[in-house]
Every structure is written in structure tokens, then in C-alpha cells.
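Novice: Take our numbering: the final residue in the sequence shown is number 219, and no numbers are missing along the way. The C-beta atom is built at its ideal place from N, Cα and C for all residues, glycine as well.
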Amino acid sequence: MATLTRQRDGHDAHARRRAFPSAGRAALVVVGTWLVVLAVVVAFGWLITHALRSAVLPWDNGLARWIADQRTGALNEPADIGTLLGETVTGVSVAVVTALVFSIWKRSWRPAIFLALAEAGIGGFYYIATHVDPRQRPPVKILDPGLVGNHSFPSGHTATAVVAYAGIVVLAAAYASPAVRHWARLLLLLPVFVLLSRLYQGAHHLTDVLTSLVYASVWLLVLARTLLPLGRSSD
-15 MATLTRQRDG HDAHARRRAF PSAGRAALVV VGTWLVVLAV VVAFGWLITH
35 ALRSAVLPWD NGLARWIADQ RTGALNEPAD IGTLLGETVT GVSVAVVTAL
85 VFSIWKRSWR PAIFLALAEA GIGGFYYIAT HVDPRQRPPV KILDPGLVGN
135 HSFPSGHTAT AVVAYAGIVV LAAAYASPAV RHWARLLLLL PVFVLLSRLY
185 QGAHHLTDVL TSLVYASVWL LVLARTLLPL GRSSD
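1) For H188, count the other beta carbons within 10 Å of its own beta carbon; 16 or more makes it buried, fewer makes it exposed. Which is it?
2) Using the DSSP secondary-structure output, state which residues sit across from R55 in a beta bridge.
3) R121 by DSSP, collapsed to three states: which one?
4) Going by other Cβ atoms of all chains shown within 10 Å of its Cβ, with 16 needed for buried, is I88 buried or exposed?
5) Does H188 come out as helix, strand or coil in the three-state DSSP assignment?
6) Out of G46, Q120, A7, which one is the CA nearest neighbour of G29?
7) Give me the Cβ distance between D117 and V26, rounded to the nearest whole Å; I'm assuming they're in contact under 8 Å.
8) Here's the rule I'm using: 16 or more other beta-carbon atoms within 10 Å means buried, otherwise exposed. How should T(-11) be labelled?
9) For Q54, count neighbouring C-beta atoms within 10 Å of its own C-beta (all shown protein chains included) and say buried if the count is 16 or more, exposed if not.
10) Given a threshold of 16 other Cβ atoms within 10 Å of its Cβ, counted over all protein chains shown, does E103 qualify as buried or as exposed?
11) Short of 8 Å in beta carbon distance, which residues of its chain neighbour R1, apart from the five on each side in sequence? Order them along the chain.
12) Take the Cβ of P162 as the centre, count every other Cβ of all protein chains shown within 10 Å, and call the residue buried at 16 or more, exposed below.
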């Protein structure tokens, strides 16, 4: 019996080693991915504010003006709600609660580390990109007062919403039952709602919010593949 127990423990340890990369390799993947994504975001920001500005800006501004023309009193409040869902304090609060729930439930630090790195990563992308690639906000009345005028690129609200709400979907995919996974996918609508709200309020151009949607999604998925038991046996 003792021999069988040792063999089973050895098999479980071997399975865990195969399921997850070593700490050093995981750190290399995370840091390397962050640097690559940052370089791509900054490069794209430079293109749309310099080399491709004359081609992109008229189209971006034209769409912003069209959206502003569609504003109605009935849509203003939903847009405010969408913006609130993407606020830093909202997103971080959701991430903290989610991390606590999953980490306590699974008795693992992985969910907390996953969301902490996700939040830190998008914060770094946003801070560096807004300072390296300053971009004026759309030439329409902005319904979200107090915004920094040249921080249109990228959209912090959109990236925050991706991490907060798609992060729950990813953790559900890694740890929850099929039924929970199915219903959790509805949360993927929230980042889209936030994106549309930011466009409606005139806070960003379309290229700004789409950039954030893409880089936050890529960052989240790489972290998930590196740190979480997606497609593996979880304990």
C-alpha cells in the first residue's frame, strides 16, 4: 500500500510538472510577452499618430462625429453605467473579489497571481502608451468630464473591463463546472458594452478602444495559458 501511495504521489507530481512550466520559464514567458505586447502597442500608437495619421484620423473623427449625432437622453445613462463598469476602481475591486473567491475555493495562489499580473500588465501598457503616444480625444463634446485631453490612446476603461470580466470567464474555464462556464461567457458582453459606452461618450476613437480590446485579450490569454490549468486536470 505504501509503495502504491508513493507511486501515485510521484505520478501526480510528474503530472503537475508537465501541466505547468517551471517558475523560471513562466516568468520568462510573462515578461517576454509583456515587452512584445508593449512594443506592438507603442508602435501602433506611433503609426496612427504620425506615419498613418492623415489616413486614419479623418476616418476616426468622422465616426466619432456620427456617433455623437446619434446621442439621445435615453442612451446617456446606460453609457454612464458602461463607463462605471470600466473604471479602475471598479475593475480592480472585481478582480480582487474574484481572486479571493477562486484562490480560497481552489486553495491555490494561481488565480490571485493571474489576476494581479493581468491588472499590473494593462496598467503598464496604458501608462507608457499614453505618455509615449499622446493623442487628442475626438473633436466632439465629451460626456465624461475631467479626462486628460491627449490620453485618447489607448482606452484604459476597455482594457480594465477585459481583465475584470473576461478574467472571470477564463478562471471559470479553468476551474468551474461546464454549466458555470456556459453562463460565465455572458460576462464577455461587458467589455463590449464598456467599449461602446466610451465611443458614445466621445472619450476615444474606434482605433483606441479596439487596440485596448486586442492587447488586453492577448495579455489575458497568455497569462491564462501560462498560469492556469486550461485543458489540463485541475485539482
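Specialist: From the atom records:
1) buried
2) Answer is none; R55 lacks a bridge partner.
3) coil
4) exposed
5) coil
6) Q120
7) 6 Å
8) Legend: pLDDT at T(-11) = 44, less than 50; position of this residue unreliable, value from coordinates given subsequently. Classification of T(-11): exposed, given that the 10 Å Cβ count is below 16.
9) exposed
10) buried
11) With a pLDDT of 46 at R1, under the threshold of 50, the modelled position of that residue is not reliable, and no figure is offered here.
12) exposed
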